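As you go down the protein sequences, you meet chains A and B in turn. According to the working numbering, the residues represented by the first sequence are 14 to 399, in order. According to the working numbering, the residues represented by the second sequence are 3 to 145, in order. Cβ coordinates follow ideal geometry from the N, Cα and C atoms, glycine included. None of the values given here were measured: they were computed from a predicted structure.
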Amino acid sequence: MNRVAVVGIGHSKFGRRTDVSIGELAFESIKQAVDDAGVDRKDIANVVIGNMGGWSAESLPAVVVDEYAGLDGVGTMRVEAACASGSAALKSAYNSVLSGEGDLAMAVGVEKMSEVDTPTTVELIGRAGSYAWEFENYGMTFPAYYALYAVAHMNKFGTTEEDMARVAVKAHHYGAMNPLAQFQKEITLEKALGSQVVAWPLKLYDACPLTDGSAAVVLASEEVAKRLTDTPIWIRGIGCSSDSANLSRRGSYVGLDAAVRAARRAYSMAKVGPEDIDVATAHDCFTIAELMAYEDLGFCKKGEGAKMIREGQTEIGGRIPVNLDGGLKAKGHPVGATGVSMTVEITKQLRGEAGKRQAPIRKGVGLVHNIGGTGHYAYITVLARD
Amino acid sequence: MSAEPSLHSRRTLTLRFDLPISKTREFWDSLRSGKFVTTKCAKCGTVSFPPQSDCPKCMGSEFGWVDLGRDATLVTCTQVRIMPPSFAGSGPYLIAIGEFSGGAKVLAWLEGVKREEAMPGMKLRVEARASREGNPFYVFVRA
Numbered sequence: 014m015n016r017v018a019v020v021g022i023g024h025s026k027f028g029r030r031t032d033v034s035i036g037e038l039a040f041e042s043i044k045q046a047v048d049d050a051g052v053d054r055k056d057i058a059n060v061v062i063g064n065m066g067g068w069s070a071e072s073l074p075a076v077v078v079d080e081y082a083g084l085d086g087v088g089t090m091r092v093e094a095a096c097a098s099g100s101a102a103l104k105s106a107y108n109s110v111l112s113g114e115g116d117l118a119m120a121v122g123v124e125k126m127s128e129v130d131t132p133t134t135v136e137l138i139g140r141a142g143s144y145a146w147e148f149e150n151y152g153m154t155f156p157a158y159y160a161l162y163a164v165a166h167m168n169k170f171g172t173t174e175e176d177m178a179r180v181a182v183k184a185h186h187y188g189a190m191n192p193l194a195q196f197q198k199e200i201t202l203e204k205a206l207g208s209q210v211v212a213w214p215l216k217l218y219d220a221c222p223l224t225d226g227s228a229a230v231v232l233a234s235e236e237v238a239k240r241l242t243d244t245p246i247w248i249r250g251i252g253c254s255s256d257s258a259n260l261s262r263r264g265s266y267v268g269l270d271a272a273v274r275a276a277r278r279a280y281s282m283a284k285v286g287p288e289d290i291d292v293a294t295a296h297d298c299f300t301i302a303e304l305m306a307y308e309d310l311g312f313c314k315k316g317e318g319a320k321m322i323r324e325g326q327t328e329i330g331g332r333i334p335v336n337l338d339g340g341l342k343a344k345g346h347p348v349g350a351t352g353v354s355m356t357v358e359i360t361k362q363l364r365g366e367a368g369k370r371q372a373p374i375r376k377g378v379g380l381v382h383n384i385g386g387t388g389h390y391a392y393i394t395v396l397a398r399d
Numbered sequence: 003m004s005a006e007p008s009l010h011s012r013r014t015l016t017l018r019f020d021l022p023i024s025k026t027r028e029f030w031d032s033l034r035s036g037k038f039v040t041t042k043c044a045k046c047g048t049v050s051f052p053p054q055s056d057c058p059k060c061m062g063s064e065f066g067w068v069d070l071g072r073d074a075t076l077v078t079c080t081q082v083r084i085m086p087p088s089f090a091g092s093g094p095y096l097i098a099i100g101e102f103s104g105g106a107k108v109l110a111w112l113e114g115v116k117r118e119e120a121m122p123g124m125k126l127r128v129e130a131r132a133s134r135e136g137n138p139f140y141v142f143v144r145a
């Protein structure tokens, strides 16, 4: 099988970016990625835009972004897999290269969430499930979806609010070292535990913020990748899966079945296991989500996610460092950009370009865990130096 | 609104959806008479909740209605403190997922219970309600 590599990466500053339009925001990452890859835009066959939208003015973000960046006449579309739209864009760009459509493709993730007020965004994200059966009469919110999992996990495994707060403390610790992060400030366990409850038992500091941001990666076929760079980062496996729109139809509430299935597929395609992963990003839209991710990815046994964070096993120096970019919690979560941002981070880590927050790379394998909605979509990507 | 200069758009958009219920009408009609029913595939016997006229298991489109009864057990729950703006005035509300004896699970508000009292394993009963506009819906209460 032909191989596909990441050969160029770009990443905007994340945060409340009221200074830029969606086109301007995406351009920041596209320019960096194209320059980093050292390619001519005209040679890129396909540009896939990961974007959820609804909260931003432009209805056709793909063509708005392409026009602004001078990607004239390129094959393009916007793809949606909620908070995993970025990974869906990556998968589509990967398939484009693999199919032989062209030797180069680009995945761009971009989200502009501050164009409407915060309550409107709360409303729109709350509808991301089954509108007819679980929103119309019951007013679900995004924290509420994950709170249902948190309560079940706490009840079954004895996970505590303090365990969840530790995830936020870790995220802010590494976010403080990432100049592109929305929050670059350490927080204490007390501050996290004392924050306002948004959907019991989840508090403000258990939740990622609303973020504007973009990220981009240029992908190349094996032959072109080897010509372009000495440090191609190969996409060794992509696994994806999904689960019911209605939360009521889930088999259990202590883990995301879609993530377990996606992980199995990604590991199998990449011919690696959890023991081979040097560094990972996990989709910590809420702190409980990161603890469940450790379990769903097989980094620990079911129910032992809290033990991993308590023992520091997911920090630098621990068994598998996770979210050294600050995670969604501190780096920010521009919904459609997140999966691409995670791919940029793992590429940096595997290239050895992560500076102060560099993980030790032993086997040369990293993993991206990107979830859409509340395990409605799951995309897991395995990247490697060879 | 924003620290940076921006053009505050003059155009607004209100969305109000009409949700089709022709194929699940029996569910809503039964609810009005106090019964909680759902669909059962005539071919393979799969019980679905939410009710659906086409079987997700065998794709058969012949089905009947079964009474789920009123008793359920709390599987998990939360209390929403920051509400969507379209629920402003509904106050903090508890949401529970309850499991019926046949295995069907349902998400609904849990009324008349304090947050501290809501625990997995708690016995629930489903009850019909009507919205201010007269639309039927259902909630859980303590059994």
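For residue i, the nearest candidate out of the options (CA to CA)
| i | options | result |
| --- | --- | --- |
| lysine 25 (chain B) | B:Arg12, B:Thr41, B:Val128, B:Ala106 | B:Thr41 |
| arginine 34 (chain B) | B:Gly100, B:Ala130, B:Arg144 | B:Ala130 |
| serine 133 (chain B) | A:Thr154, A:Asp176, A:Asn150 | A:Asn150 |
| leucine 215 (chain A) | A:Ser255, A:Phe312, A:Phe299 | A:Phe299 |
| valine 182 (chain A) | A:Met167, A:Thr154, A:Leu217 | A:Leu217 |
| isoleucine 57 (chain A) | A:Asp79, A:Trp68, A:Pro74, A:Arg278 | A:Asp79 |
| serine 265 (chain A) | B:Leu76, B:Phe38, B:Phe65, B:Thr14 | B:Leu76 |
| leucine 103 (chain A) | A:Ala319, A:Leu232, A:Lys314, A:Arg398 | A:Leu232 |
| serine 434 (chain A) | A:Gly340, A:Phe196, A:Asp219 | Residue 434 (chain A) lies beyond the range of chain A shown here (14 to 399); nothing can be said about it. |
| threonine 14 (chain B) | A:Val129, A:Lys44, A:Ile290, A:Ala160 | A:Val129 |
| aspartate 309 (chain A) | A:Ala275, A:Ile322, A:Ile290 | A:Ala275 |
| tyrosine 95 (chain B) | A:Thr154, A:Phe40, A:Ala97, A:Tyr107 | A:Thr154 |
| leucine 112 (chain B) | B:Gly104, B:Gly123, B:Gly100, B:Gly105 | B:Gly100 |
| phenylalanine 170 (chain A) | A:Gly325, A:Pro373, A:Glu317 | A:Glu317 |
| threonine 131 (chain A) | B:Ala110, B:Val108, B:Pro87 | B:Pro87 |
| valine 335 (chain A) | A:Ala283, A:Leu304, A:Ala350 | A:Leu304 |
| aspartate 256 (chain A) | A:Arg332, A:Gly311, A:Ala95, A:Val285 | A:Ala95 |
Proximal residues to residue i (C-beta, below 8 angstroms), its chain only, five neighbours per side dropped
| i | result |
| --- | --- |
| leucine 396 (chain A) | Val19, Ile246, Trp247, Ile248, Arg249, Thr356, Ile359, Thr360, Leu363, Val378, Gly379, Leu380, Val381 |
| serine 354 (chain A) | His24, Phe27, Gly99, Gly122, Gly226, Ala228, Asp338, Lys344, Pro347 |
| aspartate 399 (chain A) | Trp247, Gly377 |
Residue j beta carbon less than 9 angstroms from that of residue i
| i | j | result |
| --- | --- | --- |
| alanine 258 (chain A) | glycine 385 (chain A) | no |
| arginine 166 (chain A) | glycine 268 (chain A) | Rather than arginine, the amino acid found at residue 166 (chain A) in this sequence is histidine. Yes, the pair counts as a contact, with Cβ atoms nearer than the cut-off. |
| leucine 193 (chain A) | serine 25 (chain A) | yes |
| lysine 59 (chain B) | cysteine 46 (chain B) | yes |
| tyrosine 144 (chain A) | phenylalanine 89 (chain B) | no |
| valine 135 (chain A) | methionine 85 (chain B) | yes |
| tryptophan 30 (chain B) | proline 138 (chain B) | yes |
| glycine 83 (chain A) | glycine 51 (chain A) | no |
| asparagine 455 (chain A) | leucine 137 (chain A) | Lying before the first or after the last residue shown, residue 455 (chain A) is absent from chain A, which here runs from 14 to 399. |
| isoleucine 393 (chain A) | glycine 252 (chain A) | yes |
| lysine 107 (chain B) | serine 261 (chain A) | yes |
| glycine 67 (chain A) | alanine 101 (chain A) | no |
| leucine 161 (chain A) | alanine 178 (chain A) | no |
| valine 180 (chain A) | isoleucine 333 (chain A) | no |
Listed by chain order, chain A residues near residue i by CB distance under 7 angstroms
| i | result |
| --- | --- |
| threonine 78 (chain B) | Leu161, Val164, Ala165, Tyr266 |
| phenylalanine 8 (chain B) | Note that residue 8 (chain B) is serine in the sequence shown here, rather than phenylalanine. Chain A residues near serine 8 (chain B): Thr31. |
| alanine 5 (chain B) | Thr31 |
| serine 11 (chain B) | Ala70 |
Sequence-distant residues of the same chain with beta carbon closer than 7 angstroms to residue i, five excluded per side
| i | result |
| --- | --- |
| valine 77 (chain A) | Ile35, Gly36, Glu71 |
| methionine 3 (chain B) | Per-residue confidence for methionine 3 (chain B) stands at a pLDDT of 45, beneath the threshold of 50, marking its modelled position as unreliable; no derived number is given. |
| glutamate 199 (chain A) | His185, His186, Ala189 |
| valine 33 (chain A) | none |
| arginine 54 (chain A) | Val47, Gly83, Leu84 |
| alanine 238 (chain A) | Ala18, Val20, Pro245 |
| threonine 16 (chain B) | none |
| lysine 125 (chain A) | Ile35, Leu38, Ser69, Asp225 |
| arginine 53 (chain B) | For clarity, residue 53 (chain B) is proline in the given sequence; the question names arginine instead. Once the five neighbours on either side are set aside, the close Cβ partners of proline 53 (chain B) are Thr26, Phe29, Thr40, Thr41. |
Neighbour list for residue i in chain B, Cβ cutoff strictly below 7 angstroms
| i | result |
| --- | --- |
| tryptophan 68 (chain A) | Those within 7 angstroms of tryptophan 68 (chain A) in chain B number zero; the least Cβ separation is about 12 angstroms. |
| valine 210 (chain A) | Arg83 |
| alanine 157 (chain A) | Thr80, Val82, Ile97 |
Proximal chain A residues relative to residue i, where beta-carbon distance stays under 9 angstroms
| i | result |
| --- | --- |
| lysine 116 (chain B) | Simply none; closest approach about 11 angstroms. |
| leucine 21 (chain B) | Tyr144, Ala145, Glu149 |
Chain B residues whose Cβ lies nearer than 8 angstroms to that of residue i
| i | result |
| --- | --- |
| proline 132 (chain A) | Pro86, Pro87 |
| threonine 154 (chain A) | Val82, Ile84, Met85, Pro86 |
Nonlocal neighbours in the same chain, by C-beta distance under 6 angstroms from residue i, ignoring five residues either side
| i | result |
| --- | --- |
| glutamine 81 (chain B) | Pro94, Leu96, Arg117 |
For the stretch 21-36 of chain A, enumerate the residues whose C-beta is nearer than 9 angstroms to any C-beta of chain B, in chain order. Arg29, Arg30, Thr31, Asp32, Val33
With 8 angstroms as the limit, tell me which residues of the stretch 72-99 of chain B have their beta carbon closer than that to any beta carbon of chain A; keep them in chain order. Val77, Thr78, Cys79, Thr80, Gln81, Val82, Arg83, Ile84, Met85, Pro86, Pro87, Ser88, Phe89, Ser92, Tyr95, Ile97, Ile99
Could you name the residues of the stretch 238-263 of chain A whose beta carbon sits closer than 9 angstroms to any beta carbon of chain B, in the order they occur along the chain? Asn259, Leu260, Ser261, Arg262, Arg263
Could you please tell me which residues of the stretch 281-292 of chain A, in chain order, have their CB closer than 9 angstroms to any CB of chain B? none
Which residues, taken in chain order from the stretch 100-111 of chain B, show a beta carbon closer than 7 angstroms to some beta carbon of chain A? Lys107, Val108, Leu109, Ala110, Trp111
Listed from N- to C-terminal order along the chain, which residues in the stretch 298-312 of chain A have their beta-carbon within a distance smaller than 7 angstroms of any beta-carbon of chain B? none
Between the stretch 37-60 of chain B and chain A, which residues of the former have a C-beta closer than 7 angstroms to a C-beta of the latter? Phe51, Pro52
Where the stretch 171-189 of chain A meets chain D: residues whose CB sits under 8 angstroms from a CB there: Protein chains in the displayed structure are A and B, and chain D is not among them.
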